[in-house]
Structure formats: structure tokens, C-alpha cells
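Residue numbers (the working numbering): 50 to 736.
The beta carbon of each residue, even a glycine, is placed where N, CA and C say it ideally should be.
Here is the structure we will look at.
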């Protein structure tokens, strides 16, 4: 008897402790689930918002990429501001050696022309003066010769033999009337030089140095046209975003997600409201189980206390009776709330178990994505590839894995098969138009004459003047002759000496007068003639040395200037084309760099779908980790308690019998047996 009672008490206590653990866990999981429901409900709109942001950002990012075309445009427009002066500078730098050399030759030739004309005119004027001086000198010299010879031949003249020889040679040496005439040359050079070569070269040099400014002015209109062409947006680039496969779908999906988000808020509020009801029901039923546990524990404590205080098992003891009643109250509560508990456990198990098994496990393992990928499992109306306008079927599982690794939509959706990116990056029509407009650029250098018409006439006049045909040896032959054959100064000195040595004073005086006359003639007429001869010699020497070379120089300069007049525009045009091509190549480099950047952005950076995988993971965490797991833990704990209520009932009923006095138990038993079987000997056992 005591052993059986101890076993029952032990089992009841263990069962009660198990129930206590289960109910405490049920309270905890019920509260945890209730606490998680609020953040879970709030996380749903946030997840939908992040998805909507991902979908709506795709067109915006594509539009932003297309708008970045303004960067190379602005760079090209900025460089177009200086293209005219840049081309002019290039033409100037490549032509300056040729032009400067030609202008230097023209200036040098102009100076030589001026010097030659001056010498020729001086030669002619000097010749005329010499002839005039000769005409005036001849009679005077002849008179002095006659008088001197008469004096020196007188018998009275002592020591006059030497002076007499010199007196015989007192006559003109050079005959300047025999020099060649240059009138025909002077006639051809009349009015030369007509041009001021220094001013002309300075003006041409200034014009050439101003070529960058002139080029900028000449190309101003074309640059404005070029700017209009550059400012245009390529049509293909403008339609890049609109033709993107997910462009139209993005709008629909964004609206759909926004609608889902708006509709989910009232639904989530209802979910939270029903969650509160569920929490209250869970608390109530858990409290019932807790009440059963309390009744069992109180009944066990009172019953054991009553047993220990009872000396005779047949004696009635209040504590034992109370313990038995508490145990039976617990049994009553167990019977009363068993059905609600079973219903609650079954309903929560049905929902939570199916969600965990069918959704969460397959979601975490990827089987859910494989199910969606399998054709026929979903209706055609929800085919993701068709909704996105893709040509290939999209694997949800592969897309999820790629998104989780940070892949972009281009890779995930395999858009290289359904979207021709290169077609939208083809700006050949734009660049061809730009090239055509660049080819219209022109820089006119025809106003760079190098040689003015007047200067050309001067050089041509000098070239045809016959300057080199003048008989310069004829001039030199007369120049080399003395003006007077005798040395007049020595003759004067000798006459002065003879005048002092003559015994005849009259003869000496006459010799003295003749010496003074010759001295005066030498000073007044012979010395000027000699100076004119020296001047004539300088002019003749200069012309004789320069005339032969001057003709070839004039021919060379005229030919070179004529050649450059036709060559400079051609070379300038060639330089212009080269500079235009270099400019176009540089500008195309800017556009190519932009296209490479667009290609990289679209295929590697734009619209990363990592938020999509994060949203799916967030959805799984919300549904499974934050809702399903606490939900399943709650029904498991509550089911645990419900399951152990059965042994609790059995052990409580059996244990309660041992907490009552034996007499009462026997009396109750004998009365029942007497009523049923009417055995007298059983009643005789009453004490």
C-alpha cells in the first residue's frame, strides 16, 4: 500500500513538473510570438517598399545614365569655343618658317632695289655733273696751259724745263662724255620704287601673325552650327531606357507593389488584432494548465502533509481531505478545458506545421524556387519571363542565387539575348553628322599676299630695266683716268718755287700769278671733279657687283611668291583637315569613353538585384523565423501540456484515494458493494 502510494505520488509529481515546464514554456513562446508579430507586421510594408524602390529605380538609373551624355557634350562644346583659334595657331606654326623666309627675302630684295635705284640715279646724276664740269674745266685748263707754256718757253725762264714737261701734260685726262648712257634704264625705272617694302612686309607679317584670330572669326558661323549638332541628343540613346525590357514591367510592378503595400496595411492591422485574440486565448488556456499544475502541487503538498500528520490511516484528517479535493479540482479543470486545448493545439499545429513543412523548409532549401521554376506548377498568367518581356525562361532559383551574390539585372535576366544594347549605344549617325559639319570648316589665307601689286611692279620693272646690261667697264675705264693728266698741285708748288728763283722779277711775278690761278682752278673745278669721280666709282662698283645677282634674286623671289600664293591656301586647307580630323578623333574619344562607361554601368552596376534577394530573405525571416517558429513552439508546448494532462488525470485520481482515511474509503466501498452484491460479511468489517 505505501509503496504503491509512493509510486503514484512520484509519478504525479513528475507529471506535474513536466506540465509546469511545458506551461512556462508555453507562456514564454506565446509572449514571444505576440512580441514578434508587431515587428513582423511592420517589416512587411518596409520589404514591399524596398522592392518597389528597386523596381522604380531601374528606369531612373537608366535615365540618369542617358543624361550623363551631357558630360562629353559639354567637353566638346567647350573645346569648340577654341577650335577656330586652335586651327589658326596650327596653320601659323606650320607655315611661319616658309612665310617668314619669303617675307625676309622680299624685304631684303626691296632694300636691294632701293639701293640699286639710288646708285643708278646717283650714277646718272654724277655722270651729268662730270660732263658739265668737264665742259667748264676744259677751256679754263686750256687757257692756263697756253699761258703757262708761253712763260716757261721764254729764254729768260731759268730751270723751267721740268715744269715745261708738266705744262705740256696740263690737259683733260678722262672724257666723261664717252661713258655709256643709262637713260634707257632710268626711263624704265621711272617711279620705282612705287611700294614701301618695309611697311608692306610689316603689314603682311602682322596679317600672318593674326591668323589665329582671323581663323576664329572666319569659323565662327560654322562653330555655331557645330554646337547645334553637338547639342542634339542621339535618338538611340534617348530610347535606351524606354526599350529596356523591364521598363514597362517596372511601371506595372511598381504600381502593383504599391497597391499590395496599401492593401496589406489594413490586413496586417487585422492580423495584429486577431493575434491579440490568439494571445489572450493562449494565455487563458495556459493559465488553465497552470491552474491544474497548481492544484496538483497544492493537492500533493496537502495530501503528503496530511499523511505525515495522520497516526491512524483510518482517522479523518482535514489536510489530506483538502489535498484530495485539490487533486480532483485539477482533474475537473483538465476535463473541462481538454477540448479547447485540443482544438487550439490542432488548429495551431495544422497552420504552423503546414507552413513550416510546405513553405519554410522548402523556401530555405530552395525547393520552393524549383517548384516555381517547374513548368505547369503555376498558371501562364504569372509566368515571370513573360511578365518581364524576356525571350528566355527565367530560373527563379538561379536568379535568387545570383541576386544574393550581388549580380545586376542584366546578368540575372540574361538581357543580352533580349535587348540589343549596342544598337542604343550606336551614335554613328550623330558622329557622321558632326564629321560632315567639321569638313565644312574653312580658313581663307588668300588675303596673305606676301607681295603687293605695287611691289611686284617695282621688282618686275627692275627685272626688265636692263640694269645688268649697262656697260660698267666703260665707266670704269674713264674713272681710272685722272681728271687732268698733270699733277696740278705739284705743278703749282714747282711754279711757286720757280717764281722765287727767277732773276727777272716780271717773269717771276707772272709765274706766281699763274701758280695762284692753277691753285684756284684746282680748288674750284678739279677737286669737285675728282670727288664726283670717286662718287661715280662707288655707284659703278656697287651696281656692277649687284646687278648680275639681283636679276636672279628677283626671279627667284617672284617665282617663290607666286608659288606660295597658290601653295599657302592648299597647305592651309591640308592643315585644317588634319586639325579637324585630330579634333574629331579626340571628341570621338570622349564619346567612346562615355559609351564604354554606359556599357559597364548597364551590364555590371545598374539595378543590382541584391535588394530582391534580401527582400525574399526578409520575407522568409518574417514568415518563418519571426512567425512560424514561435507559433510552432507555442503549439508544441501547449500540445505537450495537453498530452501530459492525461497521465496527470490518471495519477491525480489514483493518488487522491490515498489522501482520504481508510475508513472512509472502506465505508464507501462496503456501501457500494452491499448495494450491488448484498454481502453481509463486508458490513461486519466496520469498526
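Per DSSP, the continuous alpha helix (DSSP H) segment holding residue 211 begins and ends at 210-217. According to the DSSP assignment, residue 697 belongs to the alpha helix (DSSP H) that extends over 678-707. DSSP places residue 532 in the coil class of the three-state scheme, outside both helix and strand. Counting C-beta atoms within 10 angstroms of its own C-beta, residue 542 has fewer than 16 neighbours from the protein chains shown and is therefore classed as exposed.
Where residue 603 is concerned, the enclosing alpha helix (DSSP H) starts and stops at 576-649. Note: residue 657 is bridge-paired with 457 in the DSSP secondary-structure output. Judged by DSSP secondary structure, residue 249 falls within the alpha helix (DSSP H) whose first and last residues are 246-258. The count of Cβ pairs closer than 8 Å, one atom from the stretch 241-257 and one from the stretch 140-158, reaches three, so the stretches are in contact. It is roughly 28 Å from the alpha-carbon of residue 513 to the alpha-carbon of residue 495. When Cβ pairs closer than 8 Å are counted between the two stretches, the stretch 223-239 is seen not to touch the stretch 450-461, the count staying below three. The stretch 496-509 and the stretch 240-249 touch, with no fewer than 3 CB-CB distances between them shorter than 8 Å. Residue 221 carries a strand assignment under DSSP once its states are collapsed to helix, strand and coil.
Contact between the stretch 470-489 and the stretch 627-644 is present, with at least three C-beta pairs closer than 8 Å. Straight-line measurement puts the Cα of residue 511 at about 31 Å from the Cα of residue 620. Of the residues 691, 111 and 508, the one whose Cα lies closest to the Cα of residue 157 is 508. In this structure, the straight-line span from the alpha carbon of residue 162 to that of residue 584 is close to 19 Å. The stretch 80-91 makes no contact with the stretch 340-356, as fewer than three CB pairs between them are under 8 Å. With respect to the C-alpha of residue 599, the residue from 369, 140, 270 and 165 having the closest C-alpha is 165. With fewer than 16 other CB atoms across the displayed protein chains lying within 10 angstroms of its CB, residue 396 is exposed.
With a contact defined as Cβ atoms closer than 8 Å, residue 111 and residue 289 qualify at about 6 Å. Excluding the 5 residues flanking it on each side, residue 173 has same chain C-beta neighbours closer than 8 Å at 231, 232 and 235, in chain order. Fewer than three beta-carbon pairs drawn from the stretch 550-568 and the stretch 117-130 are found closer than 8 Å, and the two stretches are therefore not classed as touching. Take residue 415, set aside five residues on each side of it, and the residues of its chain with a beta-carbon closer than 7 Å to its own are 446, in chain order.
The beta carbon of residue 159 is closer than 6 Å to those of 246 in its chain, skipping five residues each way along the sequence.
Per DSSP, the unbroken alpha helix (DSSP H) holding residue 480 starts and ends at 477-488.
Less than 8 Å divides the Cβ of residue 452 from the Cβ of residue 662. Segment contact: the stretch 325-338 against the stretch 664-677, fewer than three CB-CB distances shorter than 8 Å; contact not assigned.
Residue environment for residue 704: buried (at least 16 other C-beta atoms within 10 angstroms of its C-beta). In the three-state reduction of the DSSP assignment, residue 350 falls in the helix class. DSSP places residue 101 in the helix class (H, G or I) of the three-state scheme. In the DSSP assignment, residue 287 falls within the alpha helix (DSSP H) that extends over 284-287. In the assembly as shown, residue 120 is an exposed residue. Its beta-carbon has fewer than 16 other beta-carbons within 10 Å. Per DSSP, the unbroken alpha helix (DSSP H) holding residue 555 starts and ends at 554-570. In the three-state reduction of the DSSP assignment, residue 520 falls in the coil class, being assigned neither a helical nor a strand state. Shown here for residue 62: same chain residues with a beta carbon closer than 7 Å to its own, the five before and five after excluded, namely 349 in chain order.
Non-local beta-carbon contacts of residue 551 in its own chain, meaning distances under 8 Å to residues more than five positions away in sequence, involve 205, 206, 207, 557 and 560 in chain order.
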